[in-house]
Amino acid sequence: MMTDTTFCYPLTIPGDDRYPQLPGLEHVWVSEYPADRCGVDSTRLEAVLEHGIRVFIDLTEADEEHRLHNRRLLLSPYERKLKQLAAERGMTVAYHRIPVRDVTAPTVAQVCQALDLIDAALAARQPVLIHCLGGIGRSATVAACLLVRHGYTPTQALHAIQHQVRQSNTSKRFRDSPETHAQKKLVRDWPSGS
494 MMTDTTFCYP LTIPGDDRYP QLPGLEHVWV SEYPADRCGV DSTRLEAVLE HGIRVFIDLT
554 EADEEHRLHN RRLLLSPYER KLKQLAAERG MTVAYHRIPV RDVTAPTVAQ VCQALDLIDA
614 ALAARQPVLI HCLGGIGRSA TVAACLLVRH GYTPTQALHA IQHQVRQSNT SKRFRDSPET
674 HAQKKLVRDW PSGS
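All residue numbers for the sequence shown refer to the working numbering, where the first residue is 494 and numbers rise by one.
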């Protein structure tokens with residue numbers, strides 16, 4: 494957990510024999526939206542940078558909405574602020590948006606694009622954050638497919654993601670992750686090594 498206010502979990506589970514450790518994947522994190530949704534506070538982004546994350550895979554849409562006090566508001570984009578904060582610290586970051594509609598499964602092409610970006614970042618020893626709005630649907634789907642690509646069975650991958658969500662100290666621990674039947678089906682159908 495990066496901060497007490499951020500829902501974030503490591504992709505791998507150290508010391509748990511039910512889930513084999515996959516070298517390199519200890520540098521992949523799955524999270525809710527890492528910035529202040531209204532664009533006012535940069536504390537969460539600063540914490541993510543201080544944690545060492547250098548590559549951001551953003552699965553939200555540019556015009557995505559969130560709820561605040563029963564009002565619908567557009568998510569505040571954070572790419573510019575992220576790059577500014579990184580530059581102030583002498584860091585280089587990469588930001589990639591792969592827009593997937595909320596509560597849907599990404600397409601095969603979108604998952605392949607995300608997995609290729611993640612693997613390239615890991616090959617360059619760059620820690621990665623995969624996120625959507627809540628951190629349990631779209632991002633969990635991509636993370637589970639990444640586990641399958643690297644040797645987990647689809648069932649192991651789905652259980653590993655759900656296990657990590659259940660371990661979180663937030664209300665999300667009671668939610669399914671991935672969230673929808675279509676998201677879980679995509680993982681179940683994901684070919685090993687793809």
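Even glycine gets a Cβ: it sits at the ideal position worked out from N, Cα and C.
On a predicted model such as this, the values are computed, not experimentally measured, just so you know.
Note: residue 559 is bridge-paired with 566 in the DSSP secondary-structure output. For residue 622, the enclosing beta strand (DSSP E) has its first and last residue at 621 to 624. The beta carbon of residue 582 is closer than 7 Å to those of 542 in its chain, skipping five residues each way along the sequence. Within the same chain, 530, 566, 568, 626 come within 7 Å of residue 559 by CB-CB distance, once the 5 residues on both sides are set aside. Residues 642 of the same chain have their beta carbon placed closer than 7 Å to that of residue 687, with the five preceding and five following residues left out of the count. As for any alpha helix (DSSP H) of minimum length 4 sitting wholly inside the stretch 585 to 630, the runs are 601 to 616, ordered along the chain. Just so you know, the alpha carbons of residue 586 and residue 576 end up roughly 7 Å apart.
Judged by their CB atoms, residue 622 and residue 589 are not nearer to each other than the 7 Å cut-off. With a cutoff of 7 Å on beta-carbon distance, residue 598 and residue 679 are scored as near each other. A straight-line Cα-Cα distance of about 13 Å links residue 602 and residue 684. Between residue 571 and residue 614, the C-beta spacing is not below 7 Å. Bridge pairing for residue 549: 588, 622 [DSSP]. DSSP places residue 503 in no alpha helix (DSSP H) but in the uninterrupted beta strand (DSSP E) bounded by 501 to 503.
Excluding five sequence positions before and after residue 595, the CB atoms of its chain that fall closer than 8 Å to its own CB belong to 553, 554, 557, 625, 626, 630, 631, given in chain order. Each residue's CA atom was taken as its position, placing residue 670 and residue 580 some 34 Å apart. If you draw a 10 Å sphere on the C-beta of residue 667, you find fewer than 16 other C-beta atoms in it, and that means exposed. If you draw a 10 Å sphere on the C-beta of residue 660, you find fewer than 16 other C-beta atoms in it, and that means exposed.
Here residue 548 is buried: its Cβ has 16 or more other Cβ atoms, across all protein chains shown, within 10 Å.
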